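One structure is given here, and the rest of the page talks about it.
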Amino acid sequence: MNICLKYCGGCNPRYDRKKIVEYLKKDFDDINIILQTDNNVCDFVVIISGCMSSCVNHENIEGKYGKFVIRDFNDYEALKSILLATVKNRYK
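This note's numbering applies: residue 972 is where the sequence shown begins, and numbers increase by one.
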């Protein structure tokens, strides 16, 4: 499963955005985490915004199984639940 990441520009980060990626790698060691480009085929997209403004443009980016926007470190648990359900449903 390819998880594509897109970061905001980082002008006003309120938390350590790299920690989100560390947690993803730890919790989902069997997925590929790649930076989003126009050429990526993504199963799931994670937009990592540094603050609640979430001004990063992501309207044209879609994942086959969905997309999630992280605005705060506390959003990680919701992302984890969604990814666990996605992986489970994908291999039914």
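In this text, a Cβ means the ideal position worked out from N, Cα and C, and glycines have one as well.
From a predicted model like this one, the values you see are computed outputs, not experimental measurements.
Going by the DSSP bridge assignment, what does residue i pair with across the sheet?
i, result
"Tyr1047", "Partner(s): none; Tyr1047 has no beta bridge."
"Ile1019", "Tyr978 and Ile1041"
Tell me whether residue i sits in a helix, a strand or coil according to DSSP, three-state version.
i, result
"Asn973", "strand"
"Tyr978", "strand"
"Asn1060", "helix"
Could you check which residue in the options has the C-alpha nearest to that of residue i?
i, options, result
"Asp950", "Asn1003, Gly1021, Ser1024 and Ser1020", "There is simply no residue 950 to check, as the chain begins at 972 and stops at 1063 in what is shown."
Rounded to the nearest angstrom, how far is the Cβ of residue i from that of residue j, given a contact under 8 Å?
i, j, result
"Ile1019", "Arg985", "Not confirmed; about 12 Å, so no contact."
"Phe999", "Leu1054", "6 Å"
"Leu976", "Val992", "7 Å"
Taking residue i as part of the beta strand (DSSP E), name the residues at either end of that continuous run.
i, result
"Lys1038", "Lys1038 to Ile1041"
"Asn1003", "Asn1003 to Leu1006"
Could you check where the alpha helix (DSSP H) with residue i kicks off and where it finishes?
i, result
"Ile991", "Arg988 to Asp998"
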